[in-house]
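Engineer: If you're matching positions, the first sequence starts at -5 in the numbering used here and goes up one per residue.
Where is the CB? At the ideal position from N, CA and C, for every residue including glycine.
In this text the structure is predicted, and so the values were computed from the model without any measurement.
Mind having a look at this structure? Questions to follow.
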Amino acid sequence: MTDKKTEIPAKYDPSMAEDRWYADWLAKGYFHSEPDTRIPYTVVIPPPNVTGVLHMGHMLNNTIQDVLVRRARMKGYNACWVPGTDHASIATEAKVVQLLASQGIKKTDLSREEFLRHAWQWKEKHGGIILEQLKKLGASCDWSRTKFTMDEPLSQSVIKVFVQLYNEGKIYRGVRMVNWDPKALTALSDEEVIYKEHNGKLYYLRYRIEGDEDNYAVVATTRPETIFGDTAMCINPKDPKNTHLKGKRVIVPLCGRSIPVIEDEYVDIEFGTGCLKVTPAHDVNDYMLGEKYNLPSIDIFNDNGTLNENGMQYAGMDRFDVREQIEKDLQEQGLLEKTEPYVNQIGTSERTGVAIEPKLSMQWFLKMEELAQPALKAVIEDVIKLYPSKFKNTYRHWMENVRDWCVSRQLWWGQQIPAYYLPKGGFVVAENAEEALKLAREKDPEIKAEDLKQDPDVLDTWFSSWLWPISVFDGINNPDNKDINYYYPTNDLVTAPEILFFWVARMIIAGYKFKGAHPFGNVYLTGIVRDKLRRKMSKSLGNSPDPLELIEKYGADSIRVAMMLCTTAGNDIIWDDSLIEQGRNFGNKIWNTFRLLKMWNVEDKEQPFSSKVAVEWFDSLLNRTVTEIDRCFSEFRISDAMMTLYKLFWDDFSSSYLEIIKPPFGESIDKKTYDSTIGFYETLLQHLHPYMPFITEEIWHYIKPRGEKESIMVSLYKEPGRIDEKIIEHMSYALEVVSSIRNIRAGKGIAQKEVLKLNVIADENYPVREKDIISKLANVEIEEVTSKPAQAENFIVKTTEYSVILEGKVDLASQKEKIEKDLQYTEQFLESVMKKLSNERFVNSAPAQVVEKEKAKKADAEKKIKILREQLASIH
RNA sequence: GGGAGCUUAGCUCAGUUGGUUCAGAGCAUCUGCCUUACAAGCAGAGGGUCGUGGGUUCGAAUCCCUCAGCUCCCACCA
């Protein structure tokens, strides 16, 4: 017995234990899953960018997933958490370009192959760092299943899907106005454009009117440099100011081109002068006007944002330099009426931050409307549940107004579009060059392999990640393999609301399209991790703690607890390092509790009655709490579950239960109580395990010798047993008595050590079975009496009257005051109850249960008032 | 401009279909304690007109309307 006391360290050292246990779990293959006869529980990780570094958002997101997965595993499911990374085409390509630039290499000087070689090198070097970091967090991913969105089978899936959709007529190629990033030299999806407020100017330009040398038509614009692309001027037919322009032509300043004046109600009469310059190539709305009136479209920009030859003397200059220059030149020629400060919203690239340029270009699109239908239905009908459900509306709104998806990107890093152009025009779409050649020869039998030129563009990253829940199980290439059949549909998806449309909605679309079923049953949307000032954590602000440093300092368990205590679905979490202290303190509490248990000597002897009662009580309470935790999880109220457990462990188990059963100093504990206690403790550890995997495992093995395969993480939860509400209720009365006595001690400055006498006038609410417990915890000698003693401090619990005998220490005045206050309160309470009960409409219309409760309240209150009045009388 | 949501203790948030005087939790604060598991602790305590004003109801933090403040999403009038 003595040796086991010495082998337990006084302090728990997370850094040692965490690495050791993680290695052990890996070695034993506990994270690995294979299809078997059990029910699967599947989660696919939202794949982080392959070159990404762990930040607080990942910590939150992945802790939630790990909690769900570990819990499912312990509930007996075959849990499988598939990890992986995303190639993040534009973000990664941008990083590689940057790196090359720092080495003096320009992307434009490299061939596609050379560039990709660099990119893969970069990926090998930096890729997957984030996955290693997740291991520090304790993530129980099945690492043997790790996938990368550009792994061969996954890329193949993407190509296969593209070809299928093309053959079905859902993918088309077309000239459209796209968001052009002049820095990254690629088109962006609408979702990748962020609108920012910009302080600019509104320029009033003079357009000469043909056949009217004395007047000008004045146009207000924020972008004078685009005049070279003007192909019309537009006025509102109802605008009285501009009737003189009807049917006229005007001359574009500097450029000298004559353009027609057209009329359309799109033009806002109130804005500027009511004249709008129409530049179909460089403005979305103008583009639509151009389509409507069949206007020519003049592109004036190069891909990098400089002006092309249509920009005349400004050719080769950057668009913003031109804007400044043109202002001067217009001024000189008297063609600038005025400028005024103007604030507008301009679109910027999410990746590079530069102002996007609306640009006409040839792109590939996926028709969305039809595909979106089953995906919309699934969420509306709760086949897929969103947590919190408020996102349902947002989702519906988006899906009902879904627009075609521009899937091509002018990048190299990603899956190259499998379209092959024929030398004499036209193209074929095929899964590979050989297939393409076959198809091409159907059109032109003379074609040779080298004549075909593959489209240089790659597919949008999301065009690969929308297949993620399917492609990680190779369900596109091998639609009937045992993994996809077993693991799909997956269960829960945990992700951030900002990618609800980017990713979640598209996965649902892909799920129905390619598997005929929903990809997951529940979507838990996390919030954003913010700092104390509610600012989003970001590198540039430097307000984000380094997760790995936190883990090193406090241990992964502490961070996990901190995050889980404050995460509710859809709500941002306001991070403060003090949260982590709470997590650490809790771990410390668990550790010390364990040390206490291990300190006791166990003997086969009679179980004290108080311990018997305590065991019965805690057993019921534990069962009830476990049931409650189950309910929390079924509604994804993860922080509630954590808090429930936290309070059960700290308040009920440590502060109450252990204090009750604790043997007097120097004495041993009876075996019966001890065994029950260890049983409780193990159950508590099991339920804490998903949140705090490391410390629970560490203690699990200290408690008693375990076999090789008996890790807590693969242990199974017991079904909760009987719950006796009466026992729980009585114990709460007893603990309230204890608390009242302690309160009296605190008020009078009487030390806990000093034994006091407690008189009780026992009634049906007196917890008589718990009297030894009261006696022990409050250090009182209890005597049942029939009338109240004189020199005493009195209190009432439920309806039972207790008196702490305090010879010579009673302050009658203050006691009287207290009773009077209590009496007044109770009388008011009774009054309100009576008001209800005497209200016929209440008695008739309220449910019987509610009325019964009111009657019980009335009885209790009446009794209490009687007691208080007697007490008051006895003071005089 | 369109849509969604939020406003409860100093802070972060619970409050399920209206029904105990329902106003809660954790943290923080205050008081007293180094009591032989734990001062990263123990035992106590204080603290809120549930944003404003109205309405429905026997009964409203909860349902409806007004106003105020805040957040997010979508659109992008040059």
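Kindly indicate which three-state DSSP category S9 falls into: helix, strand or coil?
Structural biologist: Working through the first sequence from its first residue, we reach residue 9 at position 15. Of the three classes helix, strand and coil, the one that applies to S9 here is helix, per DSSP.
Engineer: State the DSSP-derived secondary structure class of A855, mapped to helix, strand or coil.
Structural biologist: Here residue 855 refers to the residue found at position 861 when the first sequence is read from its first residue. Here A855 sits in helix by DSSP.
Engineer: Nearest-angstrom Cα distance between P469 and I478?
Structural biologist: Here residue 469 corresponds to residue number 475 of the first sequence, with the count starting at 1. Here residue 478 corresponds to residue number 484 of the first sequence, with the count starting at 1. Correcting the residue type first, residue 469 is Gly in the shown sequence and not Pro. Each residue's Cα considered, the two are about 6 Å apart.
Engineer: Tell me the DSSP secondary structure of T388 in three-state form.
Structural biologist: Working through the first sequence from its first residue, we reach residue 388 at position 394. T388: helix per DSSP, three-state reduction.
Engineer: Residues bridged to N753 by DSSP?
Structural biologist: Stepping through the first sequence from its first residue, residue 753 is reached at position 759. Bridge partners of N753: E777 and S797.
Engineer: Return the residue from the list Y482, E334 and R202 that minimises the CA-CA distance to Q327.
Structural biologist: One-based indexing of the first sequence puts residue 327 at position 333. Of the candidates Y482, E334 and R202, the one whose C-alpha sits nearest the C-alpha of Q327 is R202.
Engineer: Comparing C-alpha positions only, which one of D206, W594 and V401 sits nearest to D664?
Structural biologist: Start at 1 with the first residue of the first sequence, and residue 664 comes out as number 670. Considering only alpha carbons, the answer is W594.
Engineer: Determine the direct distance from the alpha carbon of P658 to that of E864, and round the result to whole angstroms.
Structural biologist: Working through the first sequence from its first residue, we reach residue 864 at position 870. Working through the first sequence from its first residue, we reach residue 658 at position 664. If you take the alpha carbons of E864 and P658, they lie about 39 Å apart.
Engineer: Quick one: what's got a C-beta closer than 7 Å to W392's C-beta in the same chain, skipping five residues either side?
Structural biologist: Position 398 of the first sequence, counted from the start, is the residue given in the question as residue 392. Only F495 and A499 meet the Cβ criterion.
Engineer: Going along the chain, which unbroken runs of the alpha helix (DSSP H) with 4 or more residues stay wholly within the region 67 to 142?
Structural biologist: Whole alpha helix (DSSP H) segments, 4+ residues: 83 to 96, 106 to 120 and 123 to 131.
Engineer: For D280, report the span of its alpha helix (DSSP H) as first-last.
Structural biologist: Taking the first residue of the first sequence as 1, we reach residue 280 at position 286. Taken as a continuous stretch (DSSP letters only), the alpha helix (DSSP H) holding D280 covers V278 to Y287.
Engineer: Determine the extent of the beta strand (DSSP E) in which T820 is found, giving its start and end residues.
Structural biologist: Along the first sequence, read from residue 1 onward, the residue named residue 820 stands at position 826. First-last for T820: L806 to L831, but that is the alpha helix (DSSP H), not the beta strand (DSSP E).
Engineer: Going by other Cβ atoms of all chains shown within 10 Å of its Cβ, with 16 needed for buried, is G420 buried or exposed?
Structural biologist: Position 426 of the first sequence, counting from 1, holds the residue named residue 420. So G420 counts as exposed.
Engineer: Would you report the Cα separation of Y415 and L179, rounded to the nearest angstrom?
Structural biologist: Taking the first residue of the first sequence as 1, we reach residue 415 at position 421. Taking the first residue of the first sequence as 1, we reach residue 179 at position 185. The alpha-carbon atoms of Y415 and L179 are separated by roughly 22 Å.
Engineer: Give, in chain order, every unbroken run of the beta strand (DSSP E) that is at least 3 residues long and sits entirely within the region 147 to 195.
Structural biologist: Entirely contained in the region 147 to 195, the beta strand (DSSP E) runs reaching 3 residues are, in chain order, 165 to 175 and 180 to 182.
Engineer: Using 10 angstroms around the beta-carbon of A214, count the other beta-carbons present and answer buried if the total reaches 16, otherwise exposed.
Structural biologist: Numbered from 1 along the first sequence, position 220 holds the residue referred to as residue 214. Flag for A214 reads buried.
Engineer: Taking the Cβ atom as the reference point for each residue, do T793 and L862 lie within a distance shorter than 8 Å?
Structural biologist: For the purposes of this step, residue 793 is taken as the residue at position 799 of the first sequence. For the purposes of this step, residue 862 is taken as the residue at position 868 of the first sequence. It is not a contact, given that the beta carbons lie outside the stated cut-off.
Engineer: Please list the terminal residues of the continuous beta strand (DSSP E) segment that includes Y640.
Structural biologist: Along the first sequence, one-based indexing puts residue 640 at 646. First-last for Y640: I632 to K641, but that is the alpha helix (DSSP H), not the beta strand (DSSP E).
Engineer: Return the Cβ separation of I503 and W460 in integer angstroms, given the expectation that the two are a contact with Cβ distance under 8 Å.
Structural biologist: Reading the first sequence from its first residue, position 509 is the one you call residue 503. Reading the first sequence from its first residue, position 466 is the one you call residue 460. Their Cβ separation, rounded to whole angstroms, is 7 Å, which keeps I503 and W460 in contact under 8 Å.
Engineer: Relative to the C-alpha of K5, which residue among E730, R578 and L752 is closest?
Structural biologist: In the first sequence, residue 5 corresponds to position 11, counting from 1. Per the Cα distances, R578.
Engineer: Using the beta-carbon count (16 or more within 10 Å), is H26 buried or exposed?
Structural biologist: By 1-based counting over the first sequence, the position of residue 26 is 32. When all chains shown are included, H26 counts as exposed.
Engineer: Pick from L128, R111 and Y760: whose alpha carbon is nearest that of V76?
Structural biologist: Taking the first sequence and counting its residues from 1, the one referred to as residue 76 is at position 82. That would be L128, whose Cα lies nearest to the Cα of V76.
Engineer: So if DSSP puts Y381 in a beta bridge, which residue, or which two residues, is it bridged to?
Structural biologist: Start at 1 with the first residue of the first sequence, and residue 381 comes out as number 387. Per DSSP, Y518.
Engineer: For a test of the three-state rule: what should DSSP assign to E758, helix, strand or coil?
Structural biologist: Stepping through the first sequence from its first residue, residue 758 is reached at position 764. In the structure shown, E758 sits in coil (DSSP, three-state: anything other than H, G, I, E or B).
Engineer: Quick one: what does DSSP say I861 is sitting in, helix, strand or coil?
Structural biologist: Counting from 1 along the first sequence, the entry for residue 861 is found at position 867. If DSSP states are grouped into helix, strand and coil, I861 belongs with the helices.
Engineer: For L806, I'd like the list of residues in its chain whose CB is within less than 8 Å of its CB, leaving aside the five on either flank, ordered along the chain.
Structural biologist: Working through the first sequence from its first residue, we reach residue 806 at position 812. Cβ neighbours of L806 beyond the five flanking positions: I869.
Engineer: When the Cα atoms are used, what is the spatial distance from V732 to T690?
Structural biologist: Counted from its first residue, the first sequence places residue 732 at position 738. Counted from its first residue, the first sequence places residue 690 at position 696. Cα-Cα distance, rounded: 31 Å.
Engineer: Can you list, in chain order, the residues of its chain with a C-beta nearer than 7 Å to that of I350? Leave out the 5 residues immediately preceding and following it.
Structural biologist: In the first sequence, the residue the question calls residue 350 occupies position 356. Contacts found: N173, W174, D175, L182, V187, G341, T342 and S343.
Engineer: With a CB to CB cut of under 6 Å and the five nearest residues on each side skipped, what residues in its chain are close to F789?
Structural biologist: Here residue 789 corresponds to residue number 795 of the first sequence, with the count starting at 1. Excluding sequence neighbours, F789 sits near S734 and Y796.
Engineer: Buried or exposed: T273, going by 16 or more other Cβ atoms within 10 Å of its Cβ?
Structural biologist: Mapped onto the first sequence, residue 273 falls at position 279. Result: buried.
Engineer: What residue range is occupied by the uninterrupted alpha helix (DSSP H) comprising E787?
Structural biologist: In the first sequence, residue 787 corresponds to position 793, counting from 1. Premise fails: E787 lies in the beta strand (DSSP E), A786 to V791, not in any alpha helix (DSSP H).
Engineer: Give a yes or no on contact between the region 424 to 432 and the region 373 to 393, applying the rule of three or more CB pairs nearer than 8 Å.
Structural biologist: In short, these stretches do not touch, since the Cβ pair count stays below three.
Engineer: Look at A550 and E12 and say whether their C-beta atoms are less than 8 Å apart.
Structural biologist: Locating residue 550 in the first sequence gives position 556, counting from the first residue. Locating residue 12 in the first sequence gives position 18, counting from the first residue. Result yes, Cβ atoms of A550 and E12 sit closer than 8 Å.
Engineer: Exposed or buried, M(-5), counting other C-beta atoms within 10 Å across all chains shown (16 or more means buried)?
Structural biologist: By 1-based counting over the first sequence, the position of residue -5 is 1. Note that M(-5) scores a pLDDT of 35, beneath 50, so its modelled location is shaky; the value from the coordinates is reported in the next line. So M(-5) ends up on the exposed side.
Engineer: Flag this pair as touching only if the region 55 to 74 and the region 7 to 22 have three or more C-beta atom pairs under 8 Å; answer yes or no.
Structural biologist: No, they do not touch.
Engineer: Quick test of your reading: T677 and L616, contact by CB under 8 Å. State the CB separation rounded to the nearest angstrom.
Structural biologist: By 1-based counting over the first sequence, the position of residue 677 is 683. By 1-based counting over the first sequence, the position of residue 616 is 622. With a Cβ gap of about 6 Å, T677 and L616 count as contacting.
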